[in-house]
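Chains as they are written, first to last, in this note's numbering: chain G, 494 to 837; chain B, 3 to 331.
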Amino acid sequence: MSVKGSEEIESTNTVAPESQSAWRTWRHRIDPATVAAYVLAGVIFVGATIYNSGFASGGNIRQILIFSALLGIAALGETLVILGGGMDLSVPSIITFAGITIGKFTGPSHWSGVAGISLLVVIGAVIGLVNGIGVTKFRIPPIIMTLAVGGLVTSYVEATGSLQSTASGVPGVVKTLAQGKIGPVPLVVILWIVLAILTGIVLRHTPFGRFLFAVGSNPIASNFAGIQVARTRITTYVISGCASVVAGILLAGYLGTSYLSMGTPYLFGSIAAVALGGAVISGGRGSYWGTVAGALTLTLLTGVLPLLHLNTDDLDIVYGLVILGGVVLAREIGQRRYKGKVES
Amino acid sequence: MNVLAPTELRHNDELPTSVNRRVARYYILPATTGILLGVLIIVSVILQPSILSFFQMGLFVQIALPLVFVCMGQALVLLTGGLDLSVGGTLAVATVMTATWVGSFEGLRLVVILLLGMFLGTINGILVTRVKLNPFIVTLATWSIFDGIALNILPTDGGTPPMGFTNWITGTTVGVPNSFVVLAVAVVVWMVWSKTRSGRHLFATGSDEERAIASGVNVDRVRILAYALSGTAAAMAGICLALVTSTGSPTAGDGYILPSIEGAVIGGVSLLGGKGGAGLAILGAFILVFIANVTQALNLEPWVSDMASALLLLVVVGTRALLERDGAK
Chain G
494 MSVKGSEEIE STNTVAPESQ SAWRTWRHRI DPATVAAYVL AGVIFVGATI YNSGFASGGN
554 IRQILIFSAL LGIAALGETL VILGGGMDLS VPSIITFAGI TIGKFTGPSH WSGVAGISLL
614 VVIGAVIGLV NGIGVTKFRI PPIIMTLAVG GLVTSYVEAT GSLQSTASGV PGVVKTLAQG
674 KIGPVPLVVI LWIVLAILTG IVLRHTPFGR FLFAVGSNPI ASNFAGIQVA RTRITTYVIS
734 GCASVVAGIL LAGYLGTSYL SMGTPYLFGS IAAVALGGAV ISGGRGSYWG TVAGALTLTL
794 LTGVLPLLHL NTDDLDIVYG LVILGGVVLA REIGQRRYKG KVES
Chain B
3 MNVLAPTELR HNDELPTSVN RRVARYYILP ATTGILLGVL IIVSVILQPS ILSFFQMGLF
63 VQIALPLVFV CMGQALVLLT GGLDLSVGGT LAVATVMTAT WVGSFEGLRL VVILLLGMFL
123 GTINGILVTR VKLNPFIVTL ATWSIFDGIA LNILPTDGGT PPMGFTNWIT GTTVGVPNSF
183 VVLAVAVVVW MVWSKTRSGR HLFATGSDEE RAIASGVNVD RVRILAYALS GTAAAMAGIC
243 LALVTSTGSP TAGDGYILPS IEGAVIGGVS LLGGKGGAGL AILGAFILVF IANVTQALNL
303 EPWVSDMASA LLLLVVVGTR ALLERDGAK
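Right, dumping it as structure tokens:
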């Protein structure tokens, strides 16, 4: 690996100076692990299309994009939390909570639905705040804190007894949001792209973003450097709570119904998407664009397996193998890049 | 702690504050866990005095056995500073194999299932130590893989575990319920093993890895052993679950993953490694089972039990974190 790394540097040295600096800048900006995640998603898509041309039909692509968007939005907060060195296991509980509770805001006017969405986002932020304060101020390990808070949220949902809201139980405005389209593109996907661009800008071009990477890679040094470690981490949990609420509301709106286990797949999915996107799970390295690729890969796999006449049980096995392979791949590529940088 | 003789402590009034704190912290874990469990047992007995009969107690332990074993296994991995989410998958594989694998040589087959659990755990251990992947991601992935294997063996709930073993675990030996025997064997094995060299290496690896390496502990081997034993314990839990419920369910394991962490941590095992033990995890598992039992006896809905467990987890871990912070000052 080190041999290849030095070759790479020698070859870049032969390029003319001005184009070399431009290439250096771009090479610095684009994380190879993220590129690898997109290549993985692309290979699956192209492979499936070659195998069965119906896979690339507009309806199928739309379906895959919608489910990727739901997973991607749920994994947005998880990405930030993991970047800051934490972990959020309360995502599935909050998704279920939001999906079921939005059914209570079916008033005569659309304003009822809008009020419901706003209120739930605020509640999601409060749940995230509780997570963040427990982790930072009370020093409870993130896994335990978010697990317990998730348990409390779930028991609240069970206690209120509304285990199932029927199709009419989802406010019209939510259904419009989740099922609507602008031209051929679903609204959910547009929302996802907007959120992804926003997150990308926040991570790269704001103090919060830079603090987050610093906190995730070395909280003690960050503290000495004057970064508000606790505040930065709490913010990630608050964003995660809000993102989970949005994902839950949209999921209920898209399905037209909600049930107690609707959030369950997102525990696995949100973390797996982040890992496949090339982020380091202990924090400090990764990007939301990587998570986007991870969400696409996971959703594509779900769509591909029926083509190969494989069942859901085989899907579980393929998911596991792809995650292991993807994480190893991302690490090897990432290490090669870092090695190159150190040597140059 | 051992360096200071008791007389010295008595003579010097200034010195012991920090020592006392350390002694207090050494005993505070088992003490709080024990008191908590004691209170729950007393409440349970007051609510339903019938539980005091051997038959009822045997039944109670039977129901608790799967959780007890996954918590023990989880505790071993947590002790080394790792985490094992794949216990659910291993449990599922063991349960469906116990339920579908009938015929001759049944005892031998149970041993094979245990060895398989050990093998699955070893895969986790190798991926964590040799391939150097994050334990959370490794066991998340293998959980999914093992779940898929279980679903391939038995797609839906069903099957019948060997009748002989089902009858044995629900039966008694000279008046003592056999579930007690299983539990006692588990406790004794842990107590003996934790005092041996490899048992102590487990604590050494978790509490200070660099010092353990400097002392000649092969930490990678210790970690692999912890994951292997966690797999074995999960397989044991799966076997018990199949025998107690007389059926096999490929999705039964998923419900045990988070409780396994919950039970171990409530029992006093630290997620940071090095503190606690599988014995305390057994107490933690029983605390969870008793909470569910008391809720049931009070005719409350299941969510009360979920909420109580979650709150207890927060209170226990929060209190310990604060105590340790004060102690460190």
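All C-beta atoms in this analysis are idealised placements derived from N, C-alpha and C, irrespective of residue type, glycine included. Small disclaimer: the values here were computed from a predicted structure and weren't measured.
(request) Pair every Cβ in the region 616-636 of chain G with every Cβ in the region 788-795 of chain G, then say whether three or more of these pairs are closer than 8 Å. (result) no
(message) So, with DSSP's three-state summary, where would you put T659 of chain G?
(response) As a working note, residue 659 of chain G is residue 166 in the first sequence. For T659 of chain G, the predicted model reports a pLDDT of 48, less than 50, meaning its position is unreliable; a value from the coordinates is still stated below. Correct three-state label for T659 of chain G: coil.
(message) Let me see if you follow: with CB-CB separation under 8 Å, is W283 of chain B close to chain G or not?
(response) For the purposes of this step, residue 283 of chain B is taken as residue 281 along the second sequence, with counting starting at 1. Strictly speaking, residue 283 of chain B in this sequence is Ala, with Trp absent from that position. Not closer than 8 Å to any Cβ of chain G, the Cβ of A283 of chain B fails to qualify, so no.
(request) Return the chain-ordered ranges of every alpha helix (DSSP H) run that is complete within the region 214-294 of chain B and spans a minimum of 4 residues. (result) 221-247 and 256-269
(request) Identify the contact partners of N301 of chain B in chain G, using a Cβ-Cβ distance below 8 Å as the criterion. (result) Here residue 301 of chain B refers to the residue found at position 299 when the second sequence is read from its first residue. Simply none; closest approach about 15 Å.
(request) Output yes or no for whether 8 Å exceeds the beta carbon distance between I587 of chain G and I620 of chain G. (result) For the purposes of this step, residue 587 of chain G is taken as residue 94 along the first sequence, with counting starting at 1. For the purposes of this step, residue 620 of chain G is taken as residue 127 along the first sequence, with counting starting at 1. Contact: yes.
(message) Tell me the residue span of the alpha helix (DSSP H) that contains S586 of chain G.
(response) Counting from one through the first sequence, the residue named residue 586 of chain G turns up at place 93. Residues V584 to T594.
(request) Please report the residue range of the alpha helix (DSSP H) in which L800 of chain G lies. (result) The residue you call residue 800 of chain G lines up with position 307 of the first sequence. Element bounds for L800 of chain G: n/a, residue is neither H nor E.
(request) Enumerate, from N- to C-terminal direction, the unbroken alpha helix (DSSP H) stretches of 4 or more residues contained entirely within the region 32-105 of chain B. (result) 56-81 and 89-102
(request) Kindly indicate which three-state DSSP category P304 of chain B falls into: helix, strand or coil? (result) The residue you call residue 304 of chain B lines up with position 302 of the second sequence. Three-state result, P304 of chain B: helix.
(message) Taking the alpha-carbon of I263 of chain B as reference, which of G:T639, G:A671 and G:G552 has the nearest alpha-carbon?
(response) Here residue 263 of chain B refers to the residue found at position 261 of the second sequence. It is G:T639.
(request) Report yes or no: do the region 276-293 of chain B and the region 69-77 of chain B share at least 3 C-beta pairs separated by less than 8 Å? (result) yes
(request) Let me know if F548 of chain G comes out buried or exposed under the rule of 16 or more other beta-carbons within 10 Å of its beta-carbon. (result) Start at 1 with the first residue of the first sequence, and residue 548 of chain G comes out as number 55. That one is buried.
(request) Could you list which residues in chain G have their beta carbon closer than 8 Å to that of G320 of chain B, in chain order? (result) Counting from 1 along the second sequence, the entry for residue 320 of chain B is found at position 318. Those within 8 Å of G320 of chain B in chain G are G627, F631 and I633.
(message) On the DSSP letters alone, give me the boundaries of the alpha helix (DSSP H) that I742 of chain G sits inside.
(response) Your numbering for residue 742 of chain G matches position 249 in the first sequence. Segment V722 to L748, the alpha helix (DSSP H) holding I742 of chain G.
(message) In this structure, how does DSSP classify K668 of chain G when only helix, strand and coil are distinguished?
(response) The residue labelled residue 668 of chain G in the question sits at position 175 within the first sequence. In this structure, K668 of chain G counts as helix in the three-state DSSP scheme.
(message) So, at 7 Å on beta carbons, what are the nonlocal neighbours of L2 of chain B in its own chain, with the 5 sequence-adjacent residues on each side left out?
(response) One cannot answer for residue 2 of chain B here, as it falls past the ends of chain B, which runs 3 to 331.
(request) Tell me K674 of chain G's beta-bridge partners as DSSP assigns them. (result) In the first sequence, residue 674 of chain G corresponds to position 181, counting from 1. Answer is G:P679.
(request) Specify the secondary structure class of G160 of chain B as computed by DSSP and reduced to three states. (result) For the purposes of this step, residue 160 of chain B is taken as residue 158 along the second sequence, with counting starting at 1. Three-state DSSP puts G160 of chain B in a strand.
(message) Using a 10 Å radius around the Cβ and a threshold of 16 neighbouring Cβ atoms, would you call A66 of chain B buried or exposed?
(response) For this step, residue 66 of chain B is matched to residue 64 along the second sequence. Result: buried.
(request) Tell me whether P601 of chain G sits in a helix, a strand or coil according to DSSP, three-state version. (result) Position 108 of the first sequence holds residue 601 of chain G. Coil.
(request) Determine whether the Cβ of V820 of chain G lies closer than 8 Å to any Cβ atom of chain B. (result) Within the first sequence, residue 820 of chain G is the residue found at index 327, counting from 1. Yes, its Cβ sits closer than 8 Å to a Cβ of chain B.
(request) Could you work out which residue in B:T247, B:E211 and B:R213 is closest to P163 of chain B when comparing CA atoms only? (result) Along the second sequence, one-based indexing puts residue 163 of chain B at 161. Nearest of B:T247, B:E211 and B:R213 to P163 of chain B, Cα basis: B:T247.
(message) Let's test the definition: count the other Cβ atoms within 10 Å of the Cβ of N624 of chain G and tell me whether it reaches 16, buried, or not, exposed.
(response) Looking up residue 624 of chain G in the first sequence gives position 131. It is buried - the Cβ of N624 of chain G has at least 16 other Cβ atoms within 10 Å.
(message) Can you tell me where the alpha helix (DSSP H) holding R111 of chain B begins and where it ends?
(response) Along the second sequence, read from residue 1 onward, the residue named residue 111 of chain B stands at position 109. Its alpha helix (DSSP H) spans residues E108 to T131.
(message) Could you pull the DSSP bridge partners for P179 of chain B from this structure?
(response) If you number the second sequence from 1, residue 179 of chain B lands on position 177. Bridge partners of P179 of chain B: B:T174.
(request) Spell out whether any CB of chain G is found under 8 Å from the CB atom of N136 of chain B. (result) The residue labelled residue 136 of chain B in the question sits at position 134 within the second sequence. True, the Cβ-Cβ gap to chain G drops below 8 Å.
(message) Taking the straight line between their C-alpha atoms, what separation do you get for D809 of chain G and L817 of chain G?
(response) Walking along the first sequence from the start, residue 809 of chain G turns up at place 316. Walking along the first sequence from the start, residue 817 of chain G turns up at place 324. One C-alpha to the other measures close to 13 Å.
(request) Output yes or no for whether 8 Å exceeds the beta carbon distance between G127 of chain B and R225 of chain B. (result) Residue 127 of chain B sits at position 125 when you count from the first residue of the second sequence. Residue 225 of chain B sits at position 223 when you count from the first residue of the second sequence. Yes; because the gap between Cβ atoms is below 8 Å, this pair is in contact.
(request) Enumerate in chain order the residues of its own chain whose CB-to-CB distance from I115 of chain B is below 7 Å, with the five nearest sequence positions on each side excluded. (result) Counting from one through the second sequence, the residue named residue 115 of chain B turns up at place 113. Cβ neighbours of I115 of chain B beyond the five flanking positions: A96, M99, T100, A237 and I241.
(message) Strictly under 8 Å for the Cβ-Cβ distance: is A236 of chain B near chain G by that measure?
(response) For this step, residue 236 of chain B is matched to residue 234 along the second sequence. Judged by the 8 Å Cβ criterion, A236 of chain B is not in contact with chain G.
(message) Please return the same chain residues whose Cβ sits closer than 8 Å to the Cβ of T35 of chain B, not counting the five positions on each side in sequence.
(response) Here residue 35 of chain B is taken as the residue at index 33 of the second sequence, counted from 1. Closer than 8 Å at Cβ, skipping near neighbours: I268, G269, G270, L282, L285, G286 and I289.
(request) Counting only the same chain and skipping the five closest in sequence on each side, list residues whose C-beta sits under 7 Å from that of A526 of chain G. (result) By 1-based counting over the first sequence, the position of residue 526 of chain G is 33. Answer for A526 of chain G: G771, G783, A823, I826 and G827, listed in chain order.
(message) Using a Cβ distance threshold of 8 Å, determine whether the region 533-542 of chain G contacts the region 692-704 of chain G, with at least three qualifying pairs required.
(response) no
(message) Does chain G have any CB closer than 8 Å to the CB of D149 of chain B?
(response) The residue you call residue 149 of chain B lines up with position 147 of the second sequence. With 8 Å as the cut-off, D149 of chain B counts as an interface residue toward chain G.
(request) Quick one: residues in its chain with C-beta nearer than 6 Å to the C-beta of G606 of chain G, no 5 flanking neighbours on either side, listed in chain order? (result) One-based indexing of the first sequence puts residue 606 of chain G at position 113. Result list for G606 of chain G: F598, P664, V666 and V667, in chain order.
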